[in-house]
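**Q**
Numbering (our numbering), first residue to last: 8 to 351.
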């Protein structure tokens with residue numbers, strides 16, 4: 008009974024393996040060497056060379072037999088020894104006529120050394136065509152060099168990575184804590200004067216208003232004197248004859264005298280009292296580096312004020328890395344979204 012059970016198990020396993028093989032053959036028809044010899048369906052893309060046909064091609068007298076080869080790609084593709092047309096250019100082929108012509112030239116090209124040796128020995132040499140070069144359906148086979156540029160490591164001193172590299176200047180990598188010199192320009196100087204004016208205390212404001220009032224008074228007196236002189240000259244030129252003073256003033260309406268204006272904060276100008284001019288420098292420190300490569304910097308400078316106490320001027324802004332020169336110099340016109348604050 009035991010031996011009978013073992014025999015049944017062996018027979019069952021044999022049938023199971025045969026069924027799996029047949030099932031795999033149905034799933035992958037290119038595994039079956041004889042299916043394309045009897046089937047009338049066109050070959051599918053893919054597949055493989057049947058091992059039996061591949062071996063027979065290389066054996067003496069084997070020759071080419073269509074029933075020994077599984078279809079690979081299109082029907083026009085055959086082994087090298089199957090015929091003389093290796094162009095592969097047809098209605099169902101993916102090879103262009105130019106590629107087919109180049110393929111044909113490579114196939115039938117005769118080595119010069121082989122022909123010279125044959126002529127010297129007097130023997131007749133049959134130049135059998137070699138197997139043509141393999142071309143892929145979607146073009147040449149892609150390699151790593153097609154996607155990764157490794158040329159920067161081949162003895163080059165300049166790596167072309169990013170847009171911040173230059174041939175004739177250093178590519179300095181700056182970080183938090185580095186010092187940058189800011190060159191003060193006219194636009195920044197005007198903003199500094201306005202910030203200093205905003206930070207005036209009441210005593211300094213009163214002093215500046217007095218100075219502005221004196222300036223307005225002097226300007227008013229000069230304008231009044233010029234107008235009186237012009238009016239007198241015009242009146243003398245227009246009078247036909249000179250009359251007595253009593254008759255000249257009789258019936259004449261007196262003109263209103265101009266009123267002296269009062270100075271306000273809009274008339275205050277402290278640009279001359281601030282000891283800061285264009286082309287002066289201000290030292291700044293890099294406080295933060297943003298992911299896009301920009302820096303947030305903060306600079307301080309002690310600015311003197313002639314009519315009062317000096318101020319500590321603080322500047323905070325954003326700057327691009329490429330706007331900072333090799334000597335760590337930055338023009339104030341390159342600052343973006345900067346803020347000023349003057350502290351007494």
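All residues carry an ideal CB built from backbone N, CA and C; glycine is no exception.
1. Here's the rule I'm using: 16 or more other beta-carbon atoms within 10 Å means buried, otherwise exposed. How should residue 291 be labelled?
2. Less than 8 angstroms between the CB atoms is what I'm expecting for residue 347 and residue 198, so what's the real figure, rounded?
3. Starting from residue 321, follow its DSSP beta bridges and name the residues at the other end.
4. Report buried or exposed for residue 204, applying the criterion of at least 16 other Cβ atoms within 10 angstroms of its Cβ.
5. What's the gap between the Cα of residue 201 and the Cα of residue 232?
6. Please list, in chain order, all residues of the same chain as residue 189 whose beta carbon is under 6 angstroms from its beta carbon, the five residues on each side excluded.
7. Of all the options 350, 17 and 266, which has the alpha carbon lying nearest to the alpha carbon of residue 208?
8. With DSSP collapsed to three states, give me the class of residue 302.
9. Going by other Cβ atoms of all chains shown within 10 Å of its Cβ, with 16 needed for buried, is residue 324 buried or exposed?
10. Quick one: what does DSSP say residue 151 is sitting in, helix, strand or coil?
11. Within the continuous beta strand (DSSP E) that includes residue 187, where are the two ends?
12. Helix, strand or coil, according to DSSP, for residue 107 in the structure here?
13. Does the pairing of the region 269-279 with the region 296-306 give three or more beta-carbon distances under 8 angstroms?
14. Between which two residues does the beta strand (DSSP E) containing residue 283 stretch?
**A** Walking through what the data contain:
1. Within the chain shown, numbered from 1, the residue matching residue 291 stands at position 284. By the neighbour-count rule (16 or more Cβ atoms within 10 Å), residue 291 is buried.
2. One-based indexing of the chain shown puts residue 347 at position 340. One-based indexing of the chain shown puts residue 198 at position 191. At roughly 6 angstroms, the Cβ-Cβ gap stays under 8 angstroms, so residue 347 and residue 198 are in contact.
3. The residue you call residue 321 lines up with position 314 of the chain shown. Residue 321 pairs with 307 and 348.
4. Translated into positions along the chain shown, residue 204 becomes position 197. So residue 204 ends up on the buried side.
5. In the chain shown, residue 201 corresponds to position 194, counting from 1. In the chain shown, residue 232 corresponds to position 225, counting from 1. When rounded, the distance between both Cα atoms is 34 angstroms.
6. Locating residue 189 in the chain shown gives position 182, where the first residue counts as 1. Cβ within range, chain order: 289, 291, 306, 337 and 339.
7. Reading the chain shown from its first residue, position 201 is the one you call residue 208. The residue with the shortest Cα to Cα distance from residue 208 is 350.
8. Looking up residue 302 in the chain shown gives position 295. Correct three-state label for residue 302: strand.
9. Residue numbering aside, residue 324 sits at position 317 when the chain shown is read from its first letter. With 16 or more other Cβ atoms within 10 Å, it is buried.
10. Within the chain shown, the letter at position 144 stands for residue 151. Reduced to three states, the DSSP call for residue 151 is helix.
11. Translated into positions along the chain shown, residue 187 becomes position 180. Run containing residue 187: 186-190, per the beta strand (DSSP E) assignment.
12. What you label residue 107 is simply residue 100 of the chain shown in a count that begins at 1. Helix, per DSSP.
13. Put simply, the region 269-279 does not touch the region 296-306. Fewer than three CB pairs are less than 8 angstroms apart.
14. Position 276 of the chain shown, counted from the start, is the residue given in the question as residue 283. Counting along the chain, residue 283 falls outside any beta strand (DSSP E), and DSSP gives it neither H nor E.
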